[in-house]
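Comments concern the structure below.
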């Protein structure tokens, strides 16, 4: 349906409502024919026609001069579709009870503005009678604000080392509070430590961002295609980092916690860059300090290189003389180069086994099963992975 050479849009009203026990955004004002079209037979009309962005993301990506719209009222017409790289709010659209609903994957952020974009039915921009192209319309709504006193801080950045390999695969950033999503791309930067020059293209674009279940740990993944030998990006551009050139990882105050409050402060960490690491994780190269039977002393394990901090929390365990799991607590040592295990009960006399999970990795993504940064054009003829998944030790009477 068109008006004056342009497609007509609904006259929508947005409201915060509860749907099936969850906060949701409700959009009413659709004609029955419009709702039927959105529920079309291909099942994808909702995702083609609708998108939800934060107002801040829409403005930063589509309004560089502050005035791209033909009007500023409800349902304002954008001159062009926003860039495809802008992060949309993660969640799903549904049609029910005469309305369109958006149910977020993560809670809406208090105090945050949101924009619902409705595209023409024929695609993201259609030709009008005068030859111009019509962009989507945007409806705005604001979440109620809460106490905006900053409380969230960065409490740790991993790897916790001074030097990383040039083929480093990931960082972990730990926050003191549960955080909201959608700001990492703008808040995080990498620059040379010697000149301050930005280093671009380091990270894989994250949509959605890689948060843990508590939303207090963010994983930053360096571009694997630039790390793996034999892939075109690696051959054409090389590693994201530069061997011998120290850099700084910076986290700006653009982050918001789950309640919409700004960060109390930004954070940064300096790293030197050493040679690449391209060999499997091999427990045979680790050192074990074995406790005496009948004691509660810790089993201490020293690694030949720093290992992945997050994977260390769930990749190591101990079994007893009969193959049964030994109950106890494991903890990671400084610089992720050691691990110790404290048993709940005194050690039994006899042979034990340090069990190594297949998922354990070092800083370059190498595991007991494979070298991550191996040449993809060559066969992997390393040692049998079955030989690399455990290390035996014997607790003897003192």
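Numbering (the numbering used here), first residue to last: 9 to 406.
By construction, the Cβ of each residue, glycine as well, lies at the ideal position given by its N, Cα and C atoms.
This one's a predicted model, so the numbers in the text were calculated from it and none came from an experiment.
Can you tell me where the alpha helix (DSSP H) holding residue i begins and where it ends?
{"i": "residue 194", "result": "192-195"}
{"i": "residue 321", "result": "317-323"}
Shortest alpha-carbon distance to residue i belongs to which of the options?
{"i": "residue 166", "options": "256, 157 and 213", "result": "256"}
{"i": "residue 86", "options": "38, 125 and 54", "result": "125"}
{"i": "residue 320", "options": "332, 347 and 163", "result": "347"}
{"i": "residue 57", "options": "47, 106 and 228", "result": "47"}
{"i": "residue 403", "options": "183, 309, 294 and 298", "result": "298"}
{"i": "residue 225", "options": "370, 160 and 182", "result": "182"}
{"i": "residue 330", "options": "400, 184, 378 and 154", "result": "400"}
{"i": "residue 203", "options": "194, 175 and 254", "result": "254"}
{"i": "residue 127", "options": "219, 54 and 233", "result": "54"}
{"i": "residue 97", "options": "103, 111 and 106", "result": "111"}
{"i": "residue 177", "options": "170, 316, 343 and 293", "result": "316"}
{"i": "residue 118", "options": "33, 292, 286 and 267", "result": "267"}
{"i": "residue 164", "options": "149, 278, 354 and 101", "result": "278"}
{"i": "residue 33", "options": "100, 296 and 378", "result": "100"}
{"i": "residue 41", "options": "283, 24, 207 and 106", "result": "106"}
{"i": "residue 122", "options": "22, 179, 303 and 103", "result": "22"}
{"i": "residue 120", "options": "65, 84 and 104", "result": "65"}
{"i": "residue 5", "options": "289, 398 and 374", "result": "The first residue shown for the chain is 9 and the last is 406, placing residue 5 beyond what the model contains."}
{"i": "residue 156", "options": "296, 334 and 272", "result": "272"}
State buried or exposed for residue i, treating a residue as buried only when at least 16 other CB atoms are found within 10 Å of its CB.
{"i": "residue 108", "result": "buried"}
{"i": "residue 235", "result": "buried"}
{"i": "residue 78", "result": "Because the pLDDT at residue 78 is just 43, under 50, the model does not fix this residue reliably, and the value given afterwards should be weighed accordingly. Residue 78 should be labelled exposed."}
{"i": "residue 359", "result": "exposed"}
{"i": "residue 249", "result": "buried"}
{"i": "residue 242", "result": "buried"}
{"i": "residue 188", "result": "buried"}
{"i": "residue 370", "result": "buried"}
{"i": "residue 62", "result": "buried"}
{"i": "residue 213", "result": "exposed"}
{"i": "residue 217", "result": "buried"}
{"i": "residue 173", "result": "buried"}
{"i": "residue 238", "result": "exposed"}
{"i": "residue 339", "result": "exposed"}
{"i": "residue 30", "result": "exposed"}
{"i": "residue 72", "result": "With a pLDDT of 38 at residue 72, under the threshold of 50, the predicted position of this residue should be treated as unreliable, and no value is reported."}
{"i": "residue 322", "result": "exposed"}
{"i": "residue 60", "result": "buried"}
{"i": "residue 372", "result": "buried"}
{"i": "residue 283", "result": "exposed"}
Which residues share a DSSP beta bridge with residue i?
{"i": "residue 33", "result": "24 and 110"}
{"i": "residue 358", "result": "403"}
{"i": "residue 278", "result": "256"}
{"i": "residue 348", "result": "308 and 339"}
{"i": "residue 206", "result": "199"}
{"i": "residue 85", "result": "145"}
{"i": "residue 370", "result": "315"}
{"i": "residue 129", "result": "Answer by DSSP bridge pairing: none, since residue 129 is not bridged."}
{"i": "residue 398", "result": "363"}
Kindly indicate the opening and closing residues of the beta strand (DSSP E) around residue i.
{"i": "residue 407", "result": "Residue 407 is absent from the structure shown; the chain starts at 9 and stops at 406."}
{"i": "residue 104", "result": "99-104"}
Looking at chain C, is there any beta carbon in it that lies within less than 8 Å of the beta carbon of residue i?
{"i": "residue 53", "result": "Within the model displayed, chain C is absent; a lone protein chain is all it includes."}
Under 7 Å: does the beta carbon of residue i sit that close to some heavy atom of the ligand FAD?
{"i": "residue 96", "result": "Here there are no bound small molecules, and the ligand FAD is not part of this structure."}
Report the residue ranges of all beta strand (DSSP E) runs contained in full by the region 209-275; include only those spanning at least 3 residues, in chain order.
225-229 and 255-259
Just to confirm the assignment: which complete beta strand (DSSP E) runs, minimum length 3, are found wholly within the region 146-193?
162-166, 171-173 and 178-183
Length at least 4, wholly inside the region 38-71: the alpha helix (DSSP H) runs in chain order
40-46, 53-57 and 63-70
Taking the runs of the beta strand (DSSP E) that are 3 residues or longer, which of them lie wholly in the region 282-343?
295-297, 307-310, 324-327 and 336-340
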